[in-house]
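Visitor: In my numbering, the protein residues as written are 1 to 51.
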Amino acid sequence: MQYRNLGRTGVKVSPLCLGTMMFGGPTDETESTRIIHKAIDHGINFIDTAD
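See the structure below:
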């Protein structure tokens, strides 16, 4: 996975973002946790938690 700089913070983020808007609703906690772990295993560290 290639990463991008987040401004001048020194933080590197993945170019892919995991959107979590449906977590806690149609996607139950077990499935949500599985998806997050899979994303992290593949190098995704950018997670959108906004509504």
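Note that CB positions come from ideal geometry on N, CA and C, so glycine has one too.
Grab me the residues of Arg-8's own chain with a C-beta within less than 8 Å of its C-beta, minus the 5 sequence neighbours each way, in chain order.
Guide: Nothing meets the Cβ criterion.
Visitor: Measure the CB-CB distance between Thr-55 and Thr-49 and report whether it falls below 8 Å.
Guide: Residue coverage of the chain in this structure runs from 1 to 51, which leaves residue 55 outside it and unanswerable.
Visitor: Can you give me the Cβ contacts of Val-13 inside the same chain, cut-off strictly under 7 Å, excluding the 5 residues immediately before and after it?
Guide: Tyr-3, Arg-4, Leu-6, Asn-45, Phe-46.
Visitor: Which stretch, first to last residue, makes up the beta strand (DSSP E) that contains Ile-47?
Guide: Per DSSP, Ile-47 belongs to the beta strand (DSSP E) from 46 to 48.
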